[in-house]
Amino acid sequence: MKAGPWGYTLDPIAGFYRSPGFKSLIFNPTELIGDAARFTKQVAKTALKRPLATKRLRKKFPVEEEEEEEEEEEEEEEEEEEEEEEEEEEEEEERRRKKKKEERRRKKKKEEERRRKKKKEEERRRKKKEEERRKKKEERRKKKDERRRRSSIRRRGRRRGRRRRRN
Numbered sequence: 001m002k003a004g005p006w007g008y009t010l011d012p013i014a015g016f017y018r019s020p021g022f023k024s025l026i027f028n029p030t031e032l033i034g035d036a037a038r039f040t041k042q043v044a045k046t047a048l049k050r051p052l053a054t055k056r057l058r059k060k061f062p063v064e065e066e067e068e069e070e071e072e073e074e075e076e077e078e079e080e081e082e083e084e085e086e087e088e089e090e091e092e093e094e095r096r097r098k099k100k101k102e103e104r105r106r107k108k109k110k111e112e113e114r115r116r117k118k119k120k121e122e123e124r125r126r127k128k129k130e131e132e133r134r135k136k137k138e139e140r141r142k143k144k145d146e147r148r149r150r151s152s153i154r155r156r157g158r159r160r161g162r163r164r165r166r167n
């Protein structure tokens, strides 16, 4: 970096002058003095390649057609590379989406299976309880019948015995 007039700095690598306060391209060859003057042509060439180059600059220092063609080719190559990168990113995104979708589907399936098992288990328990209840009821009914039968037999015997005694 070399100090140019009025605090501007010449950045031969970047190829243009920078003002301390602005990021804009400042270029006027007539204002260059001393040592910066010999960079003028170089600066102009590199500055013209940058998107910041103004129409005025382009008129003052026309770039050779070969350079323009090279630049165009480079730009085309860069665009192609960018397109390829974008395509790759899209494919990657698509793969990620598919993976997520598959994962969600698998989760859903698993959840459904779990629910089905739970329901089946619940149904089995319910049937078991119902069966036990039915058995208990049956048992109670049998006991009741048995008691009734026994007592009726006893009563019959008593009655018969009484009748006999009377007669």
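For the sequence shown, UniProt numbering gives the first residue as 1, with consecutive numbering after it.
For each residue, glycine too, the CB sits at the ideal point set by N, CA and C.
Distance from the CA of Arg133 to the CA of Arg140, rounded to the nearest whole angstrom, comes to 11 Å. In this structure, the CA atom of Glu112 is about 36 Å from the CA atom of Glu88. Inter-residue distance for Ser152 and Lys144 is about 12 Å (C-alpha atoms, whole angstroms).
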